[in-house]
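Q: Sharing a structure below in structure tokens format, with a few things to ask.
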Amino acid sequence: MMATTSRKSWWIGIGLAAAVVVALYQYFDVGRLLTLDNLNASRDALVGAYQARPLLTLLSFFGVYVVATALSIPGALILTLAAGAMFGLGVGLLVVSFASSLGALLAFLVSRYLLRDWVQARFGPSLAPINDGIRRDGVFYLLTLRLVPVFPFWLINLLMGLTPIGAGRFYAVSQLGMLAGTVVYVNAGTQLAALQSPRDILSPALLGSFVLLGVFPLLAKAMVRWLQRRKVYAKWPRPKAFDRNLVVIGAGAGGLVAAYIAAAVKAKVTLIEGHRMGGDCLNSGCVPSKALIRSAKLAKELHGAARFGVRDAAGRVDFAAVMRRVHGVIRDIEPHDSVERYTRLGVEVLQGHARITTPWSVEVTLADGSKRVLTTRSLVIAAGAHPFVPPIPGLAETGLLTSDTVWGLTELPKRLLVLGGGPIGCELAQSFARLGAQVTQVEMAPRVMLREDPEVSALVADSLRADGVELLTGHQAVRVDSIDGVKRLVVKHGTSEILLEFDQILCAVGRSPRVTGYGLEELGIPLTPRKTIETNAYLQTRFPNIYAVGDVAGPFQLTHAAAHQAWYAAVNALFGRFKRFKADYSVIPWTTFTDPEVARVGLSETEATEQGTPFEVTRYGIDDLDRAIADGTAQGFVKILTVPGKDKILGVTIVGEHAGDLLAEYVLAMKHGLGLNKILGTIHTYPTLSEANKYAAGEWKRAHAPQQLLRWVGRYHAWERA
Ligand SMILES: Cc1cc2nc3c(=O)[nH]c(=O)nc-3n(C[C@H](O)[C@H](O)[C@H](O)COP(=O)(O)OP(=O)(O)OC[C@H]3O[C@@H](n4cnc5c(N)ncnc54)[C@H](O)[C@@H]3O)c2cc1C
0 MMATTSRKSW
10 WIGIGLAAAV
20 VVALYQYFDV
30 GRLLTLDNLN
40 ASRDALVGAY
50 QARPLLTLLS
60 FFGVYVVATA
70 LSIPGALILT
80 LAAGAMFGLG
90 VGLLVVSFAS
100 SLGALLAFLV
110 SRYLLRDWVQ
120 ARFGPSLAPI
130 NDGIRRDGVF
140 YLLTLRLVPV
150 FPFWLINLLM
160 GLTPIGAGRF
170 YAVSQLGMLA
180 GTVVYVNAGT
190 QLAALQSPRD
200 ILSPALLGSF
210 VLLGVFPLLA
220 KAMVRWLQRR
230 KVYAKWPRPK
240 AFDRNLVVIG
250 AGAGGLVAAY
260 IAAAVKAKVT
270 LIEGHRMGGD
280 CLNSGCVPSK
290 ALIRSAKLAK
300 ELHGAARFGV
310 RDAAGRVDFA
320 AVMRRVHGVI
330 RDIEPHDSVE
340 RYTRLGVEVL
350 QGHARITTPW
360 SVEVTLADGS
370 KRVLTTRSLV
380 IAAGAHPFVP
390 PIPGLAETGL
400 LTSDTVWGLT
410 ELPKRLLVLG
420 GGPIGCELAQ
430 SFARLGAQVT
440 QVEMAPRVML
450 REDPEVSALV
460 ADSLRADGVE
470 LLTGHQAVRV
480 DSIDGVKRLV
490 VKHGTSEILL
500 EFDQILCAVG
510 RSPRVTGYGL
520 EELGIPLTPR
530 KTIETNAYLQ
540 TRFPNIYAVG
550 DVAGPFQLTH
560 AAAHQAWYAA
570 VNALFGRFKR
580 FKADYSVIPW
590 TTFTDPEVAR
600 VGLSETEATE
610 QGTPFEVTRY
620 GIDDLDRAIA
630 DGTAQGFVKI
640 LTVPGKDKIL
650 GVTIVGEHAG
660 DLLAEYVLAM
670 KHGLGLNKIL
680 GTIHTYPTLS
690 EANKYAAGEW
700 KRAHAPQQLL
710 RWVGRYHAWE
720 RA
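Its first residue numbered 0, the sequence shown is counted upward by one per residue in numbering that gives the first Met the number 0.
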């Protein structure tokens, strides 16, 4: 911290010194001296000086050149001509090439250390695409700018200093890129007497050549990409024609939407599902878990019915009936994702296991064992994820439940051990506790819901404990054993080991993308370090005609994120030759359906602090909300992060009853650039929970009231009363 501050003051010192030199330059009108006429007039004196004291003249010239370019003082052109006139082409080129690159680097560094943090903090989100572009292709852009000597040299130095390009790279590319222009100008300097004006140096033909030279890196880049693409496909024979425009693997949230979009725009599309239509969300994820949460919540309410003046509501749980309802809910929703519905929509649905055999063909093993090979112009992989089971000794042998298998229970486990304190672990631990199980939840991290702010974790932890969950954070599962039929999990906490007995253990420690057994390895489709399929911003894999979406691609494991990506993948796959769209993740909301719910969009306070994004926090306590008090759900808060001094929303976290629904207003606001003033100016029905959003906006307004003006308004009223 100290080092950063002193380095900053150092750069501020340099900046101030530079400002003084520039002021002196302006005051003495040095620019007037740096003209072609003056140079011509002084040519003999300069050459004489070089002949009399070659080293001193060279070094002095070098120094002046570096300072002039570092301070972005106009006149580099005349100095370059002077180098040619004084030193000749060879030495002149050497001196100018190094002096101009060094000066450029200094200007770049001054801009970087004085302005970049401020510029990035102020315009950070809107600069993100530029930063990405520079990180990816900055060298090519810089080379083009340097090769065409019409782009102002000093401006390039200062602007590049604001971007993420590395200083070493900037120096090297600048020196290389400026070489051609430097040769031309230094050479012109050797013919100084023949020059009437600097315009004589750059004839239209020469300028044209520079432009061609400048376009060259971009053409080279396009060529490299084309060659890379050819290389990727080289060993795969491309069919002459394709049976289909699109084949989609997996009929979960991502695959269903991709197939739907393709059919809607009249493409020939085949959707292949190896297990159950609807994927995880319908069969073992969102739908059953929310159905279970509903029963658990009712049980909890009935237990507390006396608080509402309702007597004799025992709320005895019939767990088998609860699970029957869960499966009933799945059945009720099934038609939305069914083969019949998608066939009606124009999608060919095949039920079988898909394996990608070439970048354009998929082999499907149908239920009866027969095989079909489909050729397709594009492919969308939406193969989802499966529960991750950690290699804890004894765990697999003792038997365990996961989010895939827990729905098969017909009897409530007496003692349930839940491994994992993420959203799935918390939702299920709370539900089972409310339904009457004795639940112990073990989390290795110091708190549950690690992705959210600590105060959110604390609130969720309190509510889990209030529901009877024995919550053990900071406890690491070491091994599982079974002695005389008693199953035990050994956990480590600090230096001590604790034994936790259980009847069933539910493993909810994360979900691994499904990336094996269907051709990715054979095609050499790379994975990310998080073991998701590696895709670019257009959701293309290494093969540009193969896309990946949803849990298998990440970075989110959410139904609506999979569906969102599916739109991009389908549109890019079908129309990419005309226009491609980068997947936009700027406003992705999510909710954890614990009670109270936790909903978030955009930045949390922790993330904003870690990223160094300046923010203000506005809070509104839901314990103060009329409707929540009436409902007996007066707990939680709305926390909004805004740009300092502005009503622009950076992120929102809501903890409370129906937080997921309340969040929608902020998602809309962020997506369409509406600030808190707009939310405050919108009528919200009284008494509803949604008023929490308006009151939160009101808190922001109160904190930003123009106090000075209000003092005057107060005086005005006093004057009116007098
Ligand atoms: C308990 C739980 C609760 C959840 N709650 C929520 C929630 O409340 N909100 C939310 O947004 N998300 C929730 N999720 C996450 C959500 O379910 C997933 O993010 C979502 O289902 C991902 O969709 P997908 O299309 O990527 O994959 P999936 O839905 O997993 O679909 C992939 C499909 O591909 C098929 N498949 C794979 N390989 C092949 C092959 N080779 N051939 C043929 N078919 C293949 C699979 O059989 C599967 O049906 C929850 C998840 C769990 C486990």
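A virtual CB, placed ideally from N, CA and C, is assigned to each residue, including glycine.
#1: So what does DSSP say about S369, is it helix, strand or coil?
#2: Any idea what DSSP makes of G188, helix, strand or coil?
#3: Examine ligand 1 and report whether any of its heavy atoms sits within less than 6 Å of the Cβ of A353.
#4: Which first and last residues belong to the beta strand (DSSP E) in which S735 is found?
#5: Who are the Cβ neighbours of V268 in its own chain at under 6 Å, not counting the five residues just before and after it?
#6: Taking the beta carbon of G680 as the centre, do at least 16 other beta carbons fall within 10 Å, making it buried, or is it exposed?
#7: F152 to R145, Cα distance in whole Å?
#8: For ligand 1, any of its heavy atoms closer than 6 Å to the Cβ of Q556?
#9: Thinking just about the alpha-carbon of each residue, which of V485, A252, I678, W711 is nearest to the one in K700?
#10: Going along the chain, which residues of its own chain have a beta-carbon closer than 7 Å to the beta-carbon of A695, five neighbours each way excluded?
#11: Distance, Cα to Cα, L399 vs G424?
#12: Does the Cβ of E272 lie closer than 6 Å to at least one heavy atom of ligand 1?
#13: Based on the DSSP secondary-structure assignment, which residues constitute the bridge partners of G650?
#14: Can you give the beta carbon distance from C280 to V388, rounded, assuming they're within the 8 Å contact cut?
#15: Just to confirm, are V551 and I532 a CB contact at a threshold of 7 Å?
#16: With contact counted as at least three CB pairs below 8 Å, one residue from each stretch, are the region 249-258 and the region 334-343 in contact?
#17: Give the list of continuous beta strand (DSSP E) stretches no shorter than 3 residues that lie fully inside the region 372-420.
#18: Excluding the five sequence neighbours on either side, which residues of its own chain have a C-beta within less than 7 Å of the C-beta of Q634, listed in chain order?
#19: With distances taken Cα to Cα, identify the nearest neighbour of I292 among G273, F307, V328, H274.
#20: Kindly indicate the opening and closing residues of the alpha helix (DSSP H) around N37.
#21: Could you please give the first and the last residue of the uninterrupted alpha helix (DSSP H) stretch that includes I587?
#22: Using the Cα positions of L57 and Q227, report the straight-line distance between them to the nearest angstrom.
#23: Between V485 and the rest of its own chain, which residues show a CB-CB distance below 7 Å, the 5 nearest in sequence each way excluded?
#24: Would you call the region 465-474 and the region 346-363 in contact, with 3 or more CB pairs under 8 Å?
#25: Which stretch, first to last residue, makes up the alpha helix (DSSP H) that contains N571?
#26: Run the CB neighbour count on V309, radius 10 Å, all protein chains shown included, and call it buried at 16 or more, exposed below.
#27: Rounded to whole angstroms, what's the CA-CA distance from I133 to A536? Just pull it up for me.
#28: According to DSSP, is T356 helix, strand or coil?
#29: What do you reckon, is the C-beta of A295 under 6 Å from a heavy atom of ligand 1?
#30: Taking Cβ to Cβ, would you say I497 is nearer than 7 Å to V490?
#31: Measure from the alpha carbon of Q475 to the alpha carbon of each residue in A428, A582, S495, E604, then state which is nearest.
#32: Among A67, N39, L38, which residue has its Cα nearest to the Cα of A22?
#33: Is S288 near ligand 1 - that is, is its Cβ less than 6 Å away from at least one heavy atom of it?
#34: Have a look at S377 and L297 and give me their C-alpha separation to the nearest angstrom.
#35: Tell whether a beta-carbon distance below 7 Å holds between L416 and T439.
#36: With a Cβ-Cβ cutoff of 7 Å, do A547 and I332 count as a contact?
A: Answer, in terms of the structure:
#1: What you label residue 369 is simply residue 370 of the sequence shown in a count that begins at 1. DSSP, read as helix, strand or coil, puts S369 in coil.
#2: Taking the first residue of the sequence shown as position 1, residue 188 is located at position 189. The answer is helix: DSSP assigns G188 an H, G or I state.
#3: Numbered from its first residue, the sequence shown carries residue 353 at position 354. Inclusion of A353 in the 6 Å shell around ligand 1 follows from its C-beta lying nearer than that to a non-hydrogen atom of the ligand.
#4: One cannot answer for residue 735 here, as it falls past the ends of the chain, which runs 0 to 721.
#5: The residue labelled residue 268 in the question sits at position 269 within the sequence shown. Only L245, A258, A261, A262, V346 meet the Cβ criterion.
#6: The residue given as residue 680 occupies position 681 in the sequence shown. Exposed, since its Cβ has fewer than 16 Cβ neighbours within 10 Å.
#7: Taking the first residue of the sequence shown as 1, we reach residue 152 at position 153. Taking the first residue of the sequence shown as 1, we reach residue 145 at position 146. Put simply, the backbone Cα of F152 is about 8 Å away from that of R145.
#8: The residue given as residue 556 occupies position 557 in the sequence shown. The closest heavy atom of ligand 1 lies less than 6 Å from the beta carbon of Q556.
#9: For the purposes of this step, residue 700 is taken as the residue at position 701 of the sequence shown. Of the candidates V485, A252, I678, W711, I678 places its Cα closest to the Cα of K700.
#10: Here the question's residue 695 lines up with position 696 in the sequence shown. Beyond the five residues adjoining it in sequence on each side, A695 comes within less than 7 Å, by CB distance, of T617, Y619, V637, I639 in the same chain, given in chain order.
#11: The residue you call residue 399 lines up with position 400 of the sequence shown. The residue you call residue 424 lines up with position 425 of the sequence shown. One C-alpha to the other measures close to 14 Å.
#12: The sequence position of residue 272 within the sequence shown is 273, counting from 1. Checking the Cβ of E272 against ligand 1 gives yes.
#13: Your numbering for residue 650 matches position 651 in the sequence shown. Looking at the DSSP output, G650 sits in a beta bridge with G601, L640.
#14: Within the sequence shown, the letter at position 281 stands for residue 280. Within the sequence shown, the letter at position 389 stands for residue 388. Between C280 and V388 the beta-carbon gap is near 21 Å, outside 8 Å, which marks them as no contact.
#15: As a first step, residue 551 must be located in the sequence shown, where it is residue number 552. As a first step, residue 532 must be located in the sequence shown, where it is residue number 533. By the CB criterion at 7 Å, V551 and I532 fall inside the cutoff.
#16: The region 249-258, when compared against the region 334-343, does touch it at the 8 Å Cβ threshold.
#17: Segments of the beta strand (DSSP E) lying fully in the region 372-420: 384-386, 414-418.
#18: As a working note, residue 634 is residue 635 in the sequence shown. Taken in chain order, the residues that qualify are P595, I621, D622, G655.
#19: Working through the sequence shown from its first residue, we reach residue 292 at position 293. For the residues G273, F307, V328, H274, the minimum Cα distance to I292 belongs to V328.
#20: In the sequence shown, residue 37 corresponds to position 38, counting from 1. In this chain, the alpha helix (DSSP H) harbouring N37 covers 35-51.
#21: Within the sequence shown, numbered from 1, the residue matching residue 587 stands at position 588. Unbroken run through I587: none, as it is neither H nor E.
#22: Within the sequence shown, residue 57 is the residue found at index 58, counting from 1. Within the sequence shown, residue 227 is the residue found at index 228, counting from 1. Cα-Cα distance, rounded: 47 Å.
#23: Residue 485 sits at position 486 when you count from the first residue of the sequence shown. So the list reads E500, once near-sequence residues are dropped.
#24: Verdict: no, contact absent.
#25: Position 572 of the sequence shown, counted from the start, is the residue given in the question as residue 571. Under the DSSP assignment, N571 falls in the alpha helix (DSSP H) whose first and last residues are 558-574.
#26: Reading the sequence shown from its first residue, position 310 is the one you call residue 309. Result: exposed.
#27: Working through the sequence shown from its first residue, we reach residue 133 at position 134. Working through the sequence shown from its first residue, we reach residue 536 at position 537. As the crow flies, the alpha-carbon of I133 is around 15 Å from that of A536.
#28: Position 357 of the sequence shown, counting from 1, holds the residue named residue 356. Note: T356 maps to strand in three-state DSSP.
#29: In the sequence shown, counting from the first residue as 1, residue 295 sits at position 296. No.
#30: Taking the first residue of the sequence shown as position 1, residue 497 is located at position 498. Taking the first residue of the sequence shown as position 1, residue 490 is located at position 491. By the CB criterion at 7 Å, I497 and V490 fall inside the cutoff.
#31: Locating residue 475 in the sequence shown gives position 476, counting from the first residue. Nearest option by C-alpha distance: S495.
#32: By 1-based counting over the sequence shown, the position of residue 22 is 23. Residue A67 is the option with its Cα nearest to A22.
#33: Translated into positions along the sequence shown, residue 288 becomes position 289. Yes, the beta carbon of S288 sits closer than 6 Å to at least one heavy atom of ligand 1.
#34: The residue labelled residue 377 in the question sits at position 378 within the sequence shown. The residue labelled residue 297 in the question sits at position 298 within the sequence shown. Note on geometry: alpha-carbon atoms of S377 and L297 lie some 47 Å from one another.
#35: Here residue 416 is taken as the residue at index 417 of the sequence shown, counted from 1. Here residue 439 is taken as the residue at index 440 of the sequence shown, counted from 1. It is a contact, given that the beta carbons lie within the stated cut-off.
#36: Within the sequence shown, numbered from 1, the residue matching residue 547 stands at position 548. Within the sequence shown, numbered from 1, the residue matching residue 332 stands at position 333. No, Cβ-Cβ distance for A547 and I332 is not below 7 Å.
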